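Participant: Position 80 of the sequence shown, counting from 1, maps to 192 under our numbering, and the rest follow consecutively. Backbone N, C-alpha and C fix where the C-beta goes; we use that ideal spot for every residue, glycine too. Computed from a predicted model, the values in this text were never measured in an experiment. Starting off with a structure, shown below.
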Amino acid sequence: MAELTQNEKRLLATLEKEKKTDAPHLAGLLEATPEAVVQWAHLAQDKGLATVERIVAKEFVYTDEGKTYAEKGLPETQLLRFILPGTQLANLQKHEAFRIGFGQLRKKGLVTVEGTSVTKVAGASTDADETALKNPAADDKKTKELMKRGILQECETVRYAIAITPEGLALAKKGLDLREETGTLTREQILSGAWKTKNLRRYDVSKLPKKAYPGKIHPYQRIIGEMRELLLEMGFTELYGGIVQQSFWNFDALFQPQDHPAREMQDTFYLKETLPLPKGYEKVKAMHISGGETSSTGWGGVWKEEKAEQCVLRTHTTCLSIQHLAQHKNPPIKAFAIGRVYRRETIDTTHLAEFEQLEGIVMDEDVSFGNLLGILREFYNRMGFTSVRFKPSFYPYTEPSLDAEVYVEGIGWIEMGGAGVFREEVTAPIGINYPVLAWGLGVSRIAMLRLGLKDLRFLHKSDVAFLRETPSLRKAKGGI
Numbered sequence: 113m114a115e116l117t118q119n120e121k122r123l124l125a126t127l128e129k130e131k132k133t134d135a136p137h138l139a140g141l142l143e144a145t146p147e148a149v150v151q152w153a154h155l156a157q158d159k160g161l162a163t164v165e166r167i168v169a170k171e172f173v174y175t176d177e178g179k180t181y182a183e184k185g186l187p188e189t190q191l192l193r194f195i196l197p198g199t200q201l202a203n204l205q206k207h208e209a210f211r212i213g214f215g216q217l218r219k220k221g222l223v224t225v226e227g228t229s230v231t232k233v234a235g236a237s238t239d240a241d242e243t244a245l246k247n248p249a250a251d252d253k254k255t256k257e258l259m260k261r262g263i264l265q266e267c268e269t270v271r272y273a274i275a276i277t278p279e280g281l282a283l284a285k286k287g288l289d290l291r292e293e294t295g296t297l298t299r300e301q302i303l304s305g306a307w308k309t310k311n312l313r314r315y316d317v318s319k320l321p322k323k324a325y326p327g328k329i330h331p332y333q334r335i336i337g338e339m340r341e342l343l344l345e346m347g348f349t350e351l352y353g354g355i356v357q358q359s360f361w362n363f364d365a366l367f368q369p370q371d372h373p374a375r376e377m378q379d380t381f382y383l384k385e386t387l388p389l390p391k392g393y394e395k396v397k398a399m400h401i402s403g404g405e406t407s408s409t410g411w412g413g414v415w416k417e418e419k420a421e422q423c424v425l426r427t428h429t430t431c432l433s434i435q436h437l438a439q440h441k442n443p444p445i446k447a448f449a450i451g452r453v454y455r456r457e458t459i460d461t462t463h464l465a466e467f468e469q470l471e472g473i474v475m476d477e478d479v480s481f482g483n484l485l486g487i488l489r490e491f492y493n494r495m496g497f498t499s500v501r502f503k504p505s506f507y508p509y510t511e512p513s514l515d516a517e518v519y520v521e522g523i524g525w526i527e528m529g530g531a532g533v534f535r536e537e538v539t540a541p542i543g544i545n546y547p548v549l550a551w552g553l554g555v556s557r558i559a560m561l562r563l564g565l566k567d568l569r570f571l572h573k574s575d576v577a578f579l580r581e582t583p584s585l586r587k588a589k590g591g592i
């Protein structure tokens, strides 16, 4: 038999006389709280000395509105008493219960209105409703109606019945040492040797302590913070910008043609607002139509100013990068942005209409495609993905372009994002004469892999169990 705590002994000694009773009664006898008594009883139950029965009961209580009606009667009852032969609607409207009561009378078919006269229907009565108000029952139709009206509320109460087992009773009859226990020794007790005569409390070091759930940052936000810290350590500067962007910066400046599928209504949230085009937009227009002063032939066709002026909810954070380059044309530039973007997606396990994207750019005199691969490999390694590979891809504003993939045990290779070198058609119109490396990746995809989730929507649900059990993330070790 495991060693009993002092409180378990006190509980058994009390139960020897009481046999079976509830927690509040025991709490009064033991001068403790009901919660503490239940905890002691569970400890005794683990040793087979007591039983704890959890009894759940449902009861109905009045809301503040219901308390008034319990005294005066339901609004329809009050109004029904007021209706006499010859009663006019104007007279009823003066009654304080008219606003609610008249609607209920009409709904229940207890009155008829002819012109300005209101008449009771033969046998009109609200007795059944009043009975439900006074004596509510869970399976009663009238009671359910009163709950819908916010007059009654169903509450659940929990009580605990605690009883001593035959084993516990036998132990209690043998006699329990109820002397006060000492749980903490003072310096004086140790120096004087007084501790030797104390009844020391015994501790079971094999028992796990009660779980503590301290406040902490949401796991998804911690991963975003980790990415931000990592890029800042790598020497990048963070960019910020509004979620409402002009189509010119979101699409045109990135050499996306105005008839590109991504610009259609099914992919983009368009707003009614417009903004004037920036100074020098004519170079971007010329690039689209004919290639401007470069060797490119452009997209051809028609380029409309009004389409470029239209505002949208940004579909990517690349719009922040191109604006930053337009304002900072001399190298070196190392910048990134982590922000929410918006697309007209069908929401499912792997798609959301709004999600976070990480965007980065590097501009310098001698940077190359090889530098881009090294930066991406370093970033993913530090995020905890040791196997990284790249494959050719296509994006309207980079050439050459690639997709980055990481290997996850048990899943295989997973695409994480796209990257490339900005095309001349993107950099030339804004006056950039140096190579610009650029990449963008979905933050939520990394979070799903790191947290072991299969549904993207779980990142945005307030699931207390998930938040409690997910450990605080530490910086992943890695890097080239």
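Just grab the DSSP bridge partners of Y272 for me.
Facilitator: Its beta-bridge partners are R166.
Participant: Suppose you measure from the CA of W307 to the CA of E292; what does that come to, to the nearest Å?
Facilitator: So the alpha carbons of these two residues sit roughly 13 angstroms apart.
Participant: Kindly indicate the opening and closing residues of the beta strand (DSSP E) around I558.
Facilitator: Careful: I558 lies outside any beta strand (DSSP E), inside the alpha helix (DSSP H) at 555-563.
Participant: Please classify C267 as buried or exposed, where buried requires at least 16 neighbouring CB atoms within 10 angstroms.
Facilitator: exposed
Participant: In this structure, what does DSSP give as the bridge partners for K446?
Facilitator: V474
Participant: For A531, which option in L568, F497, S480, V520 has the closest C-alpha, if you only look at C-alpha atoms?
Facilitator: S480
Participant: According to DSSP, simplified to helix, strand and coil, what is W361?
Facilitator: helix
Participant: What residue range is occupied by the uninterrupted beta strand (DSSP E) comprising Q118?
Facilitator: No beta strand (DSSP E) holds Q118; the alpha helix (DSSP H) holding it covers 118-130.
Participant: Excluding the 5 residues flanking V519 on each side, which residues of the same chain have their C-beta closer than 7 angstroms to its C-beta?
Facilitator: According to the sequence displayed, residue 519 carries Tyr and not Val. The residues are S499, W525.
Participant: Quick check on DSSP: helix, strand or coil for W152?
Facilitator: helix
Participant: Please classify E468: is it buried, with 16 or more other beta-carbons within 10 angstroms of its beta-carbon, or exposed?
Facilitator: By the 10 Å Cβ count, E468 comes out buried.
Participant: Are the region 470-489 and the region 441-456 touching by the rule of at least three beta carbon pairs closer than 8 angstroms?
Facilitator: As far as the Cβ criterion goes, the region 470-489 touches the region 441-456, which means the pair count is three or higher.
Participant: Rounded to the nearest angstrom, what separates K297 and R562 at their Cα positions?
Facilitator: Checking the sequence, you will find Leu at residue 297 rather than Lys. Those two C-alpha atoms are separated by around 46 angstroms.
Participant: Output the boundary residues of the beta strand (DSSP E) element that contains K260.
Facilitator: Unbroken run through K260 is the alpha helix (DSSP H), 253-260; no beta strand (DSSP E).
Participant: I592 by DSSP, collapsed to three states: which one?
Facilitator: Legend: pLDDT at I592 = 49, less than 50; position of this residue unreliable, no value from coordinates given.
Participant: State buried or exposed for Q422, treating a residue as buried only when at least 16 other CB atoms are found within 10 Å of its CB.
Facilitator: buried
Participant: Let me check understanding here. Comparing Cα to Cα, which of A209, S229, R193, E177 lies closest to A202?
Facilitator: S229
Participant: Sort out for me which residues DSSP pairs Q422 with in a bridge.
Facilitator: T386
Participant: The beta strand (DSSP E) spanning L514 covers which residue range?
Facilitator: Segment 510-520, the beta strand (DSSP E) holding L514.
Participant: Comparing alpha-carbon positions, which option in M528, R122, D252 lies nearest L290?
Facilitator: Shortest Cα-Cα distance from L290 to any of M528, R122, D252 involves R122.
Participant: For S237, count neighbouring C-beta atoms within 10 Å of its own C-beta (all shown protein chains included) and say buried if the count is 16 or more, exposed if not.
Facilitator: exposed
Participant: I believe G552 touches T461 by the beta-carbon criterion, under 8 angstroms. Please report the beta-carbon distance rounded to the nearest angstrom.
Facilitator: So it is not a contact: roughly 22 angstroms between Cβ atoms.
Participant: Three or more beta-carbon pairs under 8 angstroms between the region 400-419 and the region 452-459, yes or no?
Facilitator: Flag = no, the region 400-419 and the region 452-459 do not touch.
Participant: Provide the residue span of the alpha helix (DSSP H) that contains V538, from first to last.
Facilitator: 536-539
Participant: Which of the three DSSP states, helix, strand or coil, is assigned to T228?
Facilitator: coil
Participant: In the DSSP assignment, what residue or residues form a beta bridge with A550?
Facilitator: I473, G532
Participant: Pull up the distance between the alpha-carbon of I329 and that of F491, whole angstroms please.
Facilitator: 23 angstroms
Participant: Give the straight-line distance between the Cα atoms of F594 and E517, rounded to the nearest whole angstrom.
Facilitator: The structure shown does not extend to residue 594, since the chain spans only 113 to 592, so no value can be given for it.
Participant: Does the structure place the region 156-167 close enough to the region 230-249 that three or more beta carbon pairs sit under 8 angstroms?
Facilitator: no
Participant: What residue range is occupied by the uninterrupted beta strand (DSSP E) comprising R193?
Facilitator: Not the beta strand (DSSP E): R193 falls in the alpha helix (DSSP H), residues 187-194.
Participant: Under the DSSP definition of a beta bridge, which residues are partnered with S505?
Facilitator: S505 has S513 as its beta-bridge partners, per DSSP.
Participant: On the CB-based measure, 16 or more other CB atoms within 10 Å of its CB, does E338 come out buried or exposed?
Facilitator: Its Cβ being crowded by 16 or more others within 10 Å, E338 is buried.
Participant: My understanding is that A139 touches T133, with C-beta atoms under 8 angstroms, so please give their C-beta distance in whole angstroms.
Facilitator: Not confirmed; about 10 angstroms, so no contact.
Participant: State buried or exposed for N247, treating a residue as buried only when at least 16 other CB atoms are found within 10 Å of its CB.
Facilitator: exposed
Participant: Looking only at DSSP bridge pairs, what is W525 linked to?
Facilitator: Y519
Participant: On the three-pair Cβ rule with 8 angstroms, is the region 531-541 touching the region 305-323?
Facilitator: no
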